[in-house]
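K.L.:
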Amino acid sequence: MTDDLVHYVAGFLSPPDLMAAIQVSSWWSTVCSSDVIWRRLCVSRWLLPRPERLKRSTGTTSFLELYQFLDHARYLPRGKFTTKHQIVWARGRDEGADVWMTVAHSSNCQVLSTAGTPYIQLRVVVQNLRPQPLMVDLQELEVRMKGGNEGTIFGVGPIANQPRVEAADAARIKQLAPVVLAVNGVDVYPSLTSQLIELKMFDFAVLVVNVVCNGCEFEPDFLESCSALWLPIRRMGRCTSLSTCRCGLIPDSYHRGIIRVPVVDESVIWRHYDLVSNRFMVLNTRSIEDVDQFSNLLGSPVSHFSKRKQDIEKDVVPAADASSKKIAKSPWLSAYHNSVAGIKAGSSCMQLVDVYGDGDAKLVVADGDQRLKMYKGSALHGEQAILGVPSALSYFYSDNNRPRIPAIAVASGPYIFIYRNFRPHYKFTVPSIEMDAQETKLWEALAKCTIEVPDALAQLLTMRGLGIRLSERSRGLLAIDNIEEQAEYVSRFMDDPLIERSCVTCMTSINKNMDDKDAVSCLVVATEGCMVYVLDPQGTSLIQQIKVPGVPVEIVAVGLLEVECRLVITTRNGSVYMIKNGELLKSVIELESPACGLVQLEKSIVIASMSRKLTSYHLKGKKNWSLTMSDDIVALEAFSLRRTKDTRGVLVALRNGEVTLYNEKVKVCTLSTETVLTGMRFGQYGREEASLVLVQKSGALSLKILKRTASLEAISEAAGPPPEQDIPLNIPKKTTLYVEQTQRERDHATEMHRHFQRDLCKLRLTTARAYVKIIKDGQGPVSYSTGAAIRLNAQVQGIGPFFRIKLNVQVPVQIILAENAGTKAVTDITVAFHYDHELYRVQQSLLLIPLVIPNVQYQYAVDVESISELGAADNVSIFVCGKESCVPLVSAVVSMPLSEPEM
1 MTDDLVHYVA
11 GFLSPPDLMA
21 AIQVSSWWST
31 VCSSDVIWRR
41 LCVSRWLLPR
51 PERLKRSTGT
61 TSFLELYQFL
71 DHARYLPRGK
81 FTTKHQIVWA
91 RGRDEGADVW
101 MTVAHSSNCQ
111 VLSTAGTPYI
121 QLRVVVQNLR
131 PQPLMVDLQE
141 LEVRMKGGNE
151 GTIFGVGPIA
161 NQPRVEAADA
171 ARIKQLAPVV
181 LAVNGVDVYP
191 SLTSQLIELK
201 MFDFAVLVVN
211 VVCNGCEFEP
221 DFLESCSALW
231 LPIRRMGRCT
241 SLSTCRCGLI
251 PDSYHRGIIR
261 VPVVDESVIW
271 RHYDLVSNRF
281 MVLNTRSIED
291 VDQFSNLLGS
301 PVSHFSKRKQ
311 DIEKDVVPAA
321 DASSKKIAKS
331 PWLSAYHNSV
341 AGIKAGSSCM
351 QLVDVYGDGD
361 AKLVVADGDQ
371 RLKMYKGSAL
381 HGEQAILGVP
391 SALSYFYSDN
401 NRPRIPAIAV
411 ASGPYIFIYR
421 NFRPHYKFTV
431 PSIEMDAQET
441 KLWEALAKCT
451 IEVPDALAQL
461 LTMRGLGIRL
471 SERSRGLLAI
481 DNIEEQAEYV
491 SRFMDDPLIE
501 RSCVTCMTSI
511 NKNMDDKDAV
521 SCLVVATEGC
531 MVYVLDPQGT
541 SLIQQIKVPG
551 VPVEIVAVGL
561 LEVECRLVIT
571 TRNGSVYMIK
581 NGELLKSVIE
591 LESPACGLVQ
601 LEKSIVIASM
611 SRKLTSYHLK
621 GKKNWSLTMS
631 DDIVALEAFS
641 LRRTKDTRGV
651 LVALRNGEVT
661 LYNEKVKVCT
671 LSTETVLTGM
681 RFGQYGREEA
691 SLVLVQKSGA
701 LSLKILKRTA
711 SLEAISEAAG
721 PPPEQDIPLN
731 IPKKTTLYVE
741 QTQRERDHAT
751 EMHRHFQRDL
761 CKLRLTTARA
771 YVKIIKDGQG
781 PVSYSTGAAI
791 RLNAQVQGIG
801 PFFRIKLNVQ
811 VPVQIILAEN
821 AGTKAVTDIT
831 VAFHYDHELY
841 RVQQSLLLIP
851 LVIPNVQYQY
861 AVDVESISEL
871 GAADNVSIFV
881 CGKESCVPLV
891 SAVVSMPLSE
901 PEM
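When you line the sequence shown up against UniProt numbering, it's residues 1 to 903, in that order.
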């Protein structure tokens, strides 16, 4: 096969396909690395006029390296409206497309105006990076402002139909609708006004978007208030033409996507704008300190790439200004990046394991494509099939033999597949869920035909109403409405025993009796059936099983199994439970929102919640500290480094692509990624003990290595006092009145202090008397008149006109909780309700409570009906009375909500 023919065939492959072919063999690597192929790709993607000159100036040795360099730098393709002097204020990459946002700059930097409405013209550049066609809908563009508000775009949304404007103004506003200005660097005459545009591979279009900017006078005012641009795209799967594709009729997540394009930081914006006067501002295009991070190759490509190469050799991140150069040094080295790895896994399905016990740790990933992959260095070293979709991955050591070879456990459904030497070794099945005896007898009766199907359905409904957890088989029967289908469903399962398997949700391992890294350990498994199992070191039988009140999501183990151990579990209901030596502790940590991450650091745990909070707790439940993140937390990983001394912290990955290292509450350093992360692991990879493995949403695999000379303590010093405290305050001059008052306070200091203490004591006495009076009159929420502390808590639920109670069922309800918080029991208590009889009707306005035992809550209910035709609302008073006094023991006032009209 001649070289021309090989290059012609390889020309039909996309860059990801070529990168995958390079890893097949040495021959394919030579063929697919040819400069002829990659030069053509560089020219077709970026429209480079002189690619050879750019290759020399960047210091790259081949066009393959040049392509990777420009792709990593997100080089803006050249053409009309995308010149080298264009400043990029926002950029994003997702869904196989690159997006840049620029501004149609005016000479005085002021915003435009039409029909009395100020607006700014944004130019959005969209480029398709995949072979599948890409469609952009101009009517679905969104501009998000800071504070959560949505910006207004001319021609999109409500402003497209502005009320009562003059004909000339309406015509001008109509012309400001989003249009296509250029395609592949060439003007479009006339501008495309179609709502949908189609882009093939490497095609790019320049869109004009006019955004209303009320209250903004200059361009930086709008950029400062803007948060991000949202660009919805559509991709038609494997179809080659959008005109004949019918996949777009299926609105699933595969065919549609949204690219978020965040705007740069405020400090970067104002470094490019200089305010000459109150009415005049100029744009500074010479500042290129933040080229890589915020702008797009300002100035000539030659100067930029030479500067970038020097920074890479010195391992320095470009700083915003001179004052921040000291803290801009990144402690991370980029060791490897594979954008076509195609990994579909989270942190729970990734581990850094010394698979063969030779001291060379590998990355083991349980991929969502039902493949167990092992990476060594920069290549895929091994692969095994998994009989199911994995949900968790862990490893443990089952013996003391040398070399120390661990067993890898992969959970899928109710099964745990155990691999040794990266080969299938054993399959463990999680015990089945214990079914209710009544349900078991019911299905046995159906098998013996001693009960009819309708009667069985009625009994199942009764059991479900009583709160009995039904099996999946029974729930499936209740979901069928047709009688014939019900009979067929029963006949299908009537001969099978009623057994339900529970799926594994998370796993970890705990050392048995030694604290060494490779000591004998046991596998800890948590299941969907709210059970936690501890397996023996061989992974063939159970040692312990503990029931927890919720479904476990994350689990960590602390200590030694045969000495003293703790298991910390986060559940879906937002609670954190602890198991000590096989027993569930009564202390429970209640979170504000469900947890999305859990790590353990020495004697504390760090929990990430969906409310963007990072909270640390002691193992005994005491809260240590809490931090609020700037975006959603997508991954959490423990950081532990043993060099000169132990350094511990947490790595937090956010949805905006930032990975931040915290040492307790101190922010140490930040690492930025191209897209959102799905998984993250820190530990030994190969022979390097401080490696960070990142898996991105696009399937890319990245490896970062911590510098051996990195001083984390020195970096954390930047979190000290702000530099503003060294600036002297502008203290006004002392006036005559100030001097006189100061002298008066000096002369009468003792007397003034005595008067202040006397007034403070009087205030405390008045407050205490008022509080005692409220308690004695029974007007407070707590009463001590009977010798026991009685608390009353009233809660109203419902929208009206009927307020009803139905426990454990979400219906309109009014619950009254009476709790005796003292040590003495209270007997013969009456609860009375006082209300306006013209507004409400209460079926039972008097409740009798025979006994209230300390520390036990009693729930009572009352039905309230709103009878007002106007839907008026009033207060309902609740009095807890005793038989020994006419004064209520405790009272509460319930503010009833407005009643909705009856449907």
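The beta carbon of each residue, even a glycine, is placed where N, CA and C say it ideally should be.
Is the Cβ-Cβ distance between VAL209 and ILE153 less than 9 Å?
P.N.:
Their beta carbons are under 9 Å apart, which means VAL209 touches ILE153 by this criterion.
K.L.:
Given HIS834, which residues of its chain have a CB within under 6 Å of its CB, disregarding the five upstream and five downstream residues?
P.N.:
Cβ neighbours of HIS834 beyond the five flanking positions: SER877.
K.L.:
For TRP332, count the other beta carbons within 10 Å of its own beta carbon; 16 or more makes it buried, fewer makes it exposed. Which is it?
P.N.:
Under this definition TRP332 is a buried residue.
K.L.:
In three-state DSSP terms, what is LYS547?
P.N.:
If DSSP states are grouped into helix, strand and coil, LYS547 belongs with the strands.
K.L.:
Residues bridged to LEU654 by DSSP?
P.N.:
ILE633, per the DSSP bridge assignment.
K.L.:
Could you spell out where the beta strand (DSSP E) holding GLY559 opens and where it closes?
P.N.:
First-last of the beta strand (DSSP E) with GLY559: 552-560.
K.L.:
From ARG841 to PHE803, what does the alpha carbon distance come to, in whole angstroms?
P.N.:
Approximately 10 Å, taken between the alpha carbons.
K.L.:
At the level of alpha carbons, what is the spacing between TYR577 and GLY550?
P.N.:
Each residue's alpha carbon lies about 9 Å from the other.
K.L.:
Quick check: the Cα distance between ARG572 and LEU729, rounded to an integer number of angstroms?
P.N.:
For ARG572 and LEU729, the distance between alpha carbons rounds to 51 Å.
K.L.:
Going by the CB atoms, is the gap between MET610 and ILE589 shorter than 9 Å?
P.N.:
The answer is no: Cβ separation not under 9 Å.
K.L.:
Which same chain residues end up closer than 6 Å to GLN544 when comparing Cβ atoms and leaving out the 5 residues on each side of it in sequence?
P.N.:
So the qualifying residues of the chain are VAL534, GLY582.
K.L.:
From the DSSP output, in three-state form, read off ASP71 for me.
P.N.:
In the structure shown, ASP71 sits in a helix (DSSP, three-state: H, G or I).
K.L.:
Between THR30, ILE829, ASP828, SER845, which lies nearest to ASP836 when the distance is taken from Cα to Cα?
P.N.:
Checking every option, the nearest Cα to that of ASP836 belongs to SER845.
K.L.:
Kindly indicate which three-state DSSP category ILE579 falls into: helix, strand or coil?
P.N.:
Strand at ILE579.
K.L.:
Compare the C-alpha of PRO850 against each of GLU554, ASP828, ALA794, PRO77 and name the closest.
P.N.:
Of GLU554, ASP828, ALA794, PRO77, the residue nearest in Cα terms is ASP828.
K.L.:
What first and last residue would you give for the alpha helix (DSSP H) that runs through PHE493?
P.N.:
It spans 483-493 - the alpha helix (DSSP H) in which PHE493 sits, taken as one unbroken run.
K.L.:
Have a look at MET680 and GLY559 and give me their C-alpha separation to the nearest angstrom.
P.N.:
Spanning the two alpha carbons is a distance of roughly 24 Å.
K.L.:
Figure out for me which residue from GLN139, ILE408, ALA458, ILE468 has the closest Cα to the Cα of ALA437.
P.N.:
ALA437 has its Cα closest to that of ILE468, out of GLN139, ILE408, ALA458, ILE468.
K.L.:
Give me the Cα-Cα distance between SER295 and GLU150, rounded to the nearest whole angstrom.
P.N.:
Because the pLDDT of SER295 is 33, which lies under 50, any placement of that residue in the model is unreliable, and the question is left without a value.
K.L.:
Taking the alpha-carbon positions, what's the TRP38 to ALA595 distance?
P.N.:
Roughly 46 Å separates the two Cα atoms.
K.L.:
Using only the alpha-carbon positions, how far apart do TYR67 and VAL183 sit?
P.N.:
Taking the straight line from one Cα to the other gives about 22 Å.
K.L.:
For ALA710, is the classification buried or exposed, using 16 other Cβ atoms within 10 angstroms of its Cβ as the cut-off for buried?
P.N.:
Buried.
K.L.:
Does DSSP classify LYS622 as helix, strand or coil?
P.N.:
Three-state result, LYS622: coil.
K.L.:
Is the segment 395-415 touching the segment 429-448, taking contact as three or more C-beta pairs under 8 Å?
P.N.:
Touching, yes, given that three or more Cβ pairs across the two stretches are closer than 8 Å.
K.L.:
I need the straight-line Cα distance from VAL809 to ILE546, nearest angstrom please.
P.N.:
Residue placement at VAL809 cannot be trusted, given a pLDDT of 26 that sits under 50; what the coordinates show is reported in the next sentence. One C-alpha to the other measures close to 28 Å.
K.L.:
Apart from the five residues just before and just after LEU706, which ones in its own chain have a Cβ nearer than 8 Å to its Cβ?
P.N.:
Answer for LEU706: PRO331, TRP332, LEU333, LEU641, ALA690, SER691, LEU692, listed in chain order.
K.L.:
Would a C-beta distance cut-off of 9 Å place VAL365 and TYR356 closer than the cut-off?
P.N.:
Contact flag unset, no.
K.L.:
Check each candidate in PRO403, ALA409, LEU498 and name the one with the smallest Cα separation from TRP443.
P.N.:
Residue LEU498 is the option with its Cα nearest to TRP443.
K.L.:
Can you confirm whether the segment 388-399 touches the segment 457-474 when touching is taken to mean that 3 or more C-beta pairs between the two stretches lie within less than 8 Å?
P.N.:
As far as the Cβ criterion goes, the segment 457-474 does not touch the segment 388-399, which means the pair count is below three.
K.L.:
Does the segment 855-871 come close enough to the segment 882-890 to have 3 or more Cβ pairs within less than 8 Å?
P.N.:
Segments in contact, no.
K.L.:
Have a look at LYS613 and ALA832 and give me their C-alpha separation to the nearest angstrom.
P.N.:
The straight-line gap from Cα to Cα measures roughly 43 Å.
K.L.:
Helix, strand or coil for LEU48? Go by DSSP, reduced to three states.
P.N.:
Note: LEU48 maps to coil in three-state DSSP.
K.L.:
Return the chain-ordered list of same chain residues with a C-beta closer than 8 Å to the C-beta of LEU737, the five sequence neighbours on each side being excluded.
P.N.:
There are no such residues.
K.L.:
When we look at the beta-carbon of ASN820 and count the other beta-carbons within 10 Å, is it buried (16 or more) or exposed?
P.N.:
Unreliable placement is indicated for ASN820, whose pLDDT of 47 sits below 50; the coordinate value is still reported in the next sentence. By the 10 Å Cβ count, ASN820 comes out buried.
K.L.:
What are the start and end residues of the alpha helix (DSSP H) that includes VAL739?
P.N.:
Where VAL739 is concerned, the enclosing alpha helix (DSSP H) stretches over 736-747.
K.L.:
According to DSSP, simplified to helix, strand and coil, what is LYS704?
P.N.:
In this structure, LYS704 counts as strand in the three-state DSSP scheme.
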